[in-house]
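Everything in the sequence shown is counted per the numbering used here, starting at 78 for the first residue and increasing by one. Reading through the structure tokens given below for one structure.
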Amino acid sequence: MTFPRTVLKAHGTGNDFVIWFDEHGEYEPTPEEVRSLDDRHFGLGGDGIIRLTPPEHVSDVSAEQAQAFHDAGAHWFMDYRNADGSLAEMCGNGARVTAALAMHVGLTQASEDEPFALATRAGIKYITFLGAVDGLGTHVFRIDMGPWRMGMREEYMVKVPANNAQGMGTFVDMGNPHVVTVVGQQLDLTTLSVGMPLSIPVQTMPDVSELDLTITPRVEPELPAGQNAEFVRIDDVNAQENAGLATMRVNERGAGETLSCGTGLCATGVVLSERTGVNNWRISVPGGTLLVEVEVERVLLTGDAVLVGQVELFNA
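If you want it as structure tokens, here you go:
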């Protein structure tokens, strides 16, 4: 098997991974090996695996791409794979966990003055260690997730088969594809300090807490590469403070429902910003709470990342 003898288990707000440092590019796993290791009954279990390695040791990264990463100061690559063994362009929670590993092995301090430059299939991401942040955790990182692109509002039909429910979703590209659906009952706008009218349609779907995402939601028309499907409820909006609260759940492409999804949180923040004019969102997911800050040319994601422990693989 192409695993190192020792790996780590880690998570970012419950989005959990098996992760290892591959300094010399010796341990690139096959899809079958990823599925085996991420199996929650017969392996270590996880939503995906992460290999931190130089970009020239990643088989789907060309020599020209690897050199471009090095020229830009990104000497380490997050080789992220979903639990089903498929390659993933980007993982926001995984990137924070990768930065935690990079600090652990002495590659970076991820300081405000010198953030950690991490190469990914969605480009270079810059990550800063903040330490303890009230309401977010004790090992908090902020990551510049880079540019975003949003399609037309609610141009996709999203169906949740297990609930026999459907609603309209909005496409967002965060380096990987997302379709975000605002769900829940009509808000009582008199209770919100919005200072402006909101367009929040009533959905036929149940509330976020009642959704059954064990069966993959269907998106119509289909996206060629599939998508992550996010479902969000707006809990509060304060236009004067440019801040909002929301609750989200997600079914991830290649992993199923997860406790958190960093790129999904960012995509959700983009949709909420477009709807309300409010740009800073504290979004609760089953695994915790994160801060999403939407700017014109980028999204910032702030949340916890924890290295849980080290595991020796007997059959590696």
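For every residue, glycine included, the Cβ atom is placed at its ideal position computed from N, Cα and C. It should be emphasised that the depicted structure is a prediction, and the values quoted were computed from it without experimental measurement.
A contact is defined here as three or more CB-CB pairs under 8 Å, and the region 194 to 206 meets this definition with respect to the region 169 to 179. For residue 339, the uninterrupted alpha helix (DSSP H) segment begins and ends at 339 to 353. Going by C-alpha positions, residue 111 is about 7 Å away from residue 126. In the three-state reduction of the DSSP assignment, residue 282 falls in the coil class.
When the five nearest sequence neighbours on each side are left out, the beta carbons in the same chain lying within less than 6 Å of the beta carbon of residue 196 are those of 132, 146, 151 and 154, in order along the chain. Residue 176: not part of any beta strand (DSSP E); member of the alpha helix (DSSP H) spanning 169 to 181, first to last residue.
Nearest C-alpha to residue 323 among 332, 313 and 331: 313. The beta carbons of residue 289 and residue 332 sit about 17 Å from each other, so the pair does not count as a contact at 8 Å.
The three-state secondary structure of residue 392, taken from DSSP, is coil. C-alpha of residue 235 to C-alpha of residue 244: approximately 5 Å in a straight line. Counting along the chain, the unbroken beta strand (DSSP E) around residue 361 starts and ends at 357 to 362. Note on geometry: alpha-carbon atoms of residue 180 and residue 338 lie some 22 Å from one another. Linking residue 169 to residue 391 through their CA atoms gives a straight-line distance of about 30 Å. Shortest Cα-Cα distance from residue 293 to any of 377, 316, 327 and 281 involves 327. Listed as beta-bridge partners of residue 241 by DSSP are no residues whatsoever. Nearest C-alpha to residue 161 among 351, 353, 334 and 375: 334. The beta-carbon separation of residue 88 and residue 347, rounded to 24 Å, does not stay under the 8 Å limit for a contact.
Beyond the five residues adjoining it in sequence on each side, residue 375 comes within less than 7 Å, by CB distance, of 221, 222, 223 and 224 in the same chain, given in chain order.
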